[in-house]
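**Student:**
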Amino acid sequence: MLWRHGQTTWNVEHRYQGQTDIPLDDTGVAQAEQAARRLATLRPDALFSSDLSRAQQTAAALAKLTGLPVMLDKDLRERYGGDWEGLSDQEIRERYPTQRATWNPPNGEPTLVIAERVAGVLTRIADTLDEGQLAIAVGHGAALRIGMERLLGIPVDGLPTLGSLVNCSWSVLEFRNAHWRLNEYNVTAPDVAALGPSPFSDRDRTLPEAQTGDDQ
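As C-alpha coordinates, this is what we get:
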(Lines of atoms letter the chains of each structure in order from A and count residues from 1; the text may use other names and numbers.)
(Lines give C-alpha, C1' and ligand atoms only; values in the text may rest on other atoms or scores of the structure.)
Protein backbone atom coordinates (compact mmCIF):
# COMPACT_ATOMS: atom_id res chain seq x y z
CA MET A 1 0.00 0.00 0.00
CA LEU A 2 1.32 3.45 -0.96
CA TRP A 3 0.26 6.35 1.25
CA ARG A 4 0.82 10.01 0.38
CA HIS A 5 1.70 12.38 3.22
CA GLY A 6 -0.77 14.85 4.72
CA GLN A 7 -1.13 18.51 3.83
CA THR A 8 1.62 21.12 4.26
CA THR A 9 1.56 24.90 4.07
CA TRP A 10 3.33 24.70 0.72
CA ASN A 11 0.53 22.47 -0.61
CA VAL A 12 -1.93 25.19 0.36
CA GLU A 13 0.27 27.90 -1.19
CA HIS A 14 0.70 25.84 -4.40
CA ARG A 15 4.49 25.80 -3.99
CA TYR A 16 6.72 23.15 -5.48
CA GLN A 17 8.10 21.20 -2.52
CA GLY A 18 10.22 18.52 -4.13
CA GLN A 19 12.89 17.51 -1.63
CA THR A 20 12.63 20.70 0.44
CA ASP A 21 11.84 19.44 3.93
CA ILE A 22 8.48 21.02 4.77
CA PRO A 23 6.53 19.62 7.77
CA LEU A 24 2.81 18.91 7.94
CA ASP A 25 0.52 21.77 8.89
CA ASP A 26 -2.26 21.32 11.46
CA THR A 27 -4.66 19.99 8.84
CA GLY A 28 -2.02 17.54 7.61
CA VAL A 29 -1.48 16.22 11.13
CA ALA A 30 -5.23 15.70 11.55
CA GLN A 31 -5.43 13.99 8.14
CA ALA A 32 -2.61 11.61 9.08
CA GLU A 33 -4.20 10.74 12.42
CA GLN A 34 -7.61 10.05 10.92
CA ALA A 35 -6.24 8.03 7.99
CA ALA A 36 -4.04 6.07 10.39
CA ARG A 37 -7.09 4.93 12.35
CA ARG A 38 -8.50 3.43 9.14
CA LEU A 39 -5.23 1.88 7.98
CA ALA A 40 -4.48 0.34 11.37
CA THR A 41 -7.56 -1.87 10.97
CA LEU A 42 -5.80 -3.56 8.03
CA ARG A 43 -3.15 -4.88 10.45
CA PRO A 44 -0.11 -4.04 8.28
CA ASP A 45 3.04 -6.09 8.72
CA ALA A 46 5.63 -3.44 7.88
CA LEU A 47 5.86 0.34 7.63
CA PHE A 48 8.31 2.22 5.41
CA SER A 49 8.67 5.96 4.86
CA SER A 50 10.53 8.62 2.97
CA ASP A 51 13.01 10.37 5.24
CA LEU A 52 11.46 13.81 4.58
CA SER A 53 9.64 15.12 7.65
CA ARG A 54 6.17 15.37 6.13
CA ALA A 55 6.26 11.67 5.28
CA GLN A 56 7.82 10.70 8.62
CA GLN A 57 5.11 12.60 10.52
CA THR A 58 2.43 10.81 8.52
CA ALA A 59 4.01 7.42 9.13
CA ALA A 60 4.40 8.18 12.84
CA ALA A 61 0.63 8.46 13.23
CA LEU A 62 0.25 4.86 12.06
CA ALA A 63 3.29 3.63 13.99
CA LYS A 64 1.74 4.96 17.19
CA LEU A 65 -1.37 2.82 16.66
CA THR A 66 0.28 -0.34 15.39
CA GLY A 67 3.58 -0.42 17.24
CA LEU A 68 5.42 -0.97 13.97
CA PRO A 69 8.86 0.57 13.56
CA VAL A 70 9.14 3.11 10.74
CA MET A 71 11.88 2.04 8.33
CA LEU A 72 13.23 5.08 6.49
CA ASP A 73 14.35 4.89 2.89
CA LYS A 74 15.60 7.95 1.01
CA ASP A 75 14.54 6.36 -2.29
CA LEU A 76 10.94 7.11 -1.27
CA ARG A 77 11.70 10.85 -1.35
CA GLU A 78 9.81 13.20 -3.61
CA ARG A 79 11.18 14.13 -7.02
CA TYR A 80 13.92 16.76 -6.76
CA GLY A 81 12.55 19.93 -8.35
CA GLY A 82 15.76 21.76 -9.17
CA ASP A 83 15.12 25.42 -9.97
CA TRP A 84 11.41 25.06 -9.19
CA GLU A 85 11.69 24.24 -5.50
CA GLY A 86 9.93 26.88 -3.41
CA LEU A 87 8.27 28.54 -6.41
CA SER A 88 4.52 28.83 -6.74
CA ASP A 89 2.77 27.25 -9.69
CA GLN A 90 2.08 30.71 -11.09
CA GLU A 91 5.78 31.60 -10.89
CA ILE A 92 6.70 28.36 -12.65
CA ARG A 93 4.20 29.09 -15.43
CA GLU A 94 5.61 32.57 -15.94
CA ARG A 95 9.33 31.74 -15.74
CA TYR A 96 9.46 28.25 -17.27
CA PRO A 97 6.56 27.89 -19.73
CA THR A 98 8.29 25.33 -21.96
CA GLN A 99 9.37 23.04 -19.12
CA ARG A 100 6.04 23.54 -17.35
CA ALA A 101 4.20 22.16 -20.39
CA THR A 102 5.91 18.78 -19.92
CA TRP A 103 6.45 19.12 -16.16
CA ASN A 104 10.22 18.81 -16.51
CA PRO A 105 11.95 20.94 -13.82
CA PRO A 106 15.25 22.50 -14.97
CA ASN A 107 18.20 21.09 -13.02
CA GLY A 108 15.75 18.70 -11.39
CA GLU A 109 15.35 14.93 -11.38
CA PRO A 110 14.34 13.58 -14.81
CA THR A 111 11.11 11.61 -14.95
CA LEU A 112 12.79 8.41 -16.10
CA VAL A 113 15.30 8.61 -13.23
CA ILE A 114 12.63 8.97 -10.56
CA ALA A 115 10.60 6.22 -12.21
CA GLU A 116 13.49 3.78 -11.79
CA ARG A 117 14.30 5.00 -8.28
CA VAL A 118 10.81 4.58 -6.88
CA ALA A 119 9.97 1.42 -8.80
CA GLY A 120 13.18 -0.02 -7.41
CA VAL A 121 12.41 0.73 -3.77
CA LEU A 122 8.84 -0.55 -4.09
CA THR A 123 10.14 -3.78 -5.59
CA ARG A 124 12.64 -4.14 -2.75
CA ILE A 125 9.88 -3.63 -0.20
CA ALA A 126 7.68 -6.23 -1.89
CA ASP A 127 10.59 -8.69 -1.83
CA THR A 128 10.70 -8.49 1.98
CA LEU A 129 7.12 -9.74 2.34
CA ASP A 130 5.74 -13.22 2.60
CA GLU A 131 2.58 -14.15 0.73
CA GLY A 132 -0.44 -12.38 2.20
CA GLN A 133 1.55 -9.77 4.10
CA LEU A 134 0.92 -6.03 3.79
CA ALA A 135 3.52 -3.26 3.81
CA ILE A 136 2.67 0.43 3.81
CA ALA A 137 5.10 2.84 2.15
CA VAL A 138 4.62 6.53 2.99
CA GLY A 139 5.81 8.91 0.32
CA HIS A 140 4.95 11.76 -2.00
CA GLY A 141 2.50 12.49 -4.76
CA ALA A 142 4.69 12.63 -7.83
CA ALA A 143 7.20 10.01 -6.71
CA LEU A 144 4.56 7.43 -5.83
CA ARG A 145 2.53 8.08 -8.97
CA ILE A 146 5.52 7.83 -11.29
CA GLY A 147 6.76 4.72 -9.51
CA MET A 148 3.37 3.06 -9.90
CA GLU A 149 3.23 3.92 -13.59
CA ARG A 150 6.65 2.34 -14.10
CA LEU A 151 5.72 -0.87 -12.28
CA LEU A 152 2.46 -1.13 -14.22
CA GLY A 153 4.21 -0.71 -17.57
CA ILE A 154 2.64 2.69 -18.26
CA PRO A 155 4.87 5.07 -20.25
CA VAL A 156 6.34 7.70 -17.93
CA ASP A 157 8.24 9.95 -20.34
CA GLY A 158 5.62 12.66 -20.75
CA LEU A 159 2.42 13.80 -19.09
CA PRO A 160 1.06 11.21 -16.66
CA THR A 161 -1.63 8.64 -17.30
CA LEU A 162 -2.65 8.28 -13.65
CA GLY A 163 -4.25 11.27 -11.96
CA SER A 164 -2.80 13.34 -9.15
CA LEU A 165 -2.78 11.87 -5.64
CA VAL A 166 -4.54 13.93 -2.99
CA ASN A 167 -3.04 14.48 0.44
CA CYS A 168 -3.22 11.44 2.72
CA SER A 169 -4.70 9.21 0.02
CA TRP A 170 -3.58 5.63 -0.41
CA SER A 171 -3.26 3.23 -3.33
CA VAL A 172 -2.94 -0.55 -3.30
CA LEU A 173 -0.46 -2.43 -5.49
CA GLU A 174 -0.25 -6.21 -5.54
CA PHE A 175 2.49 -8.38 -7.02
CA ARG A 176 1.16 -11.76 -8.06
CA ASN A 177 2.17 -14.30 -10.71
CA ALA A 178 5.14 -12.14 -11.70
CA HIS A 179 2.90 -9.14 -12.49
CA TRP A 180 2.00 -5.91 -10.73
CA ARG A 181 -1.67 -5.11 -10.34
CA LEU A 182 -3.31 -1.85 -9.20
CA ASN A 183 -6.23 -2.74 -6.93
CA GLU A 184 -7.08 0.72 -5.53
CA TYR A 185 -5.97 4.23 -6.44
CA ASN A 186 -6.16 7.60 -4.69
CA VAL A 187 -8.49 6.46 -1.91
CA THR A 188 -9.32 8.60 1.11
CA ALA A 189 -11.61 7.88 4.01
CA PRO A 190 -14.63 10.25 4.15
CA ASP A 191 -13.51 11.77 7.43
CA VAL A 192 -10.06 12.48 5.96
CA ALA A 193 -11.43 14.04 2.78
CA ALA A 194 -13.68 16.31 4.84
CA LEU A 195 -10.60 17.96 6.36
CA GLY A 196 -9.66 19.36 2.97
CA PRO A 197 -8.42 17.82 -0.30
CA SER A 198 -5.11 18.60 -1.91
CA PRO A 199 -5.32 22.14 -3.32
CA PHE A 200 -4.40 20.70 -6.74
CA SER A 201 -7.20 18.13 -6.94
CA ASP A 202 -9.95 20.46 -8.18
CA ARG A 203 -7.68 22.41 -10.48
CA ASP A 204 -6.39 19.22 -12.08
CA ARG A 205 -9.89 18.44 -13.29
CA THR A 206 -10.08 21.70 -15.21
CA LEU A 207 -6.51 22.20 -16.42
CA PRO A 208 -5.15 19.14 -18.24
CA GLU A 209 -1.63 20.55 -18.25
CA ALA A 210 -1.64 20.57 -14.43
CA GLN A 211 -2.08 16.83 -14.09
CA THR A 212 1.28 16.57 -12.32
CA GLY A 213 0.43 19.05 -9.60
CA ASP A 214 1.02 16.37 -6.96
CA ASP A 215 4.75 17.20 -7.12
CA GLN A 216 3.91 20.30 -5.18
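The opening position of the sequence shown corresponds to residue 1487 in the working numbering, with each subsequent residue numbered one higher.
Using N, Cα and C, we set each Cβ at its ideal position, and we do this for glycine too.
(1) How about Ala-1545: is its C-beta nearer than 8 Å to some C-beta of chain B?
(2) Check this for me: beta carbons of Glu-1635 and Leu-1645, under 8 Å apart or not?
(3) Whole angstroms is fine: what's the gap from Lys-1560's alpha carbon to Leu-1630's?
(4) Could you check where the beta strand (DSSP E) with Val-1652 kicks off and where it finishes?
(5) Can you check whether the CB of Ala-1675 is closer than 8 Å to the CB of Ala-1521?
(6) With distances taken from CA atoms, which of Asp-1531, Leu-1525, Gln-1505 and Asp-1507 is nearest Asp-1616?
(7) Among the residues of its own chain, which have a CB less than 8 Å from the CB of Asn-1590, if the five just before and after it don't count?
(8) Could you name the residues that DSSP lists as bridge partners for Trp-1666?
(9) Does the stretch 1504-1520 come into contact with the stretch 1571-1582, if we say contact requires no fewer than three beta-carbon pairs (one atom in each stretch) closer than 8 Å?
(10) Which runs of the beta strand (DSSP E) spanning at least 3 residues fall entirely within the stretch 1538-1571, listed in chain order?
**Tutor:** To lay it out plainly:
(1) Although the question refers to chain B, the structure presented lacks it and comprises just one protein chain.
(2) Against a cut-off of 8 Å, the Cβ pair of Leu-1645 and Glu-1635 comes out as no contact.
(3) When rounded, the distance between both Cα atoms is 13 Å.
(4) Per DSSP, Val-1652 belongs to no beta strand (DSSP E) and is neither H nor E.
(5) Taking 8 Å as the Cβ cut-off, Ala-1521 and Ala-1675 qualify as a contacting pair.
(6) For the set Asp-1531, Leu-1525, Gln-1505 and Asp-1507, the Cα lying nearest the Cα of Asp-1616 is the one of Asp-1531.
(7) So the list reads Pro-1596 and Thr-1597, once near-sequence residues are dropped.
(8) Bridge pairing for Trp-1666: Phe-1661 [DSSP].
(9) Yes, they touch.
(10) Runs found: 1556-1558.
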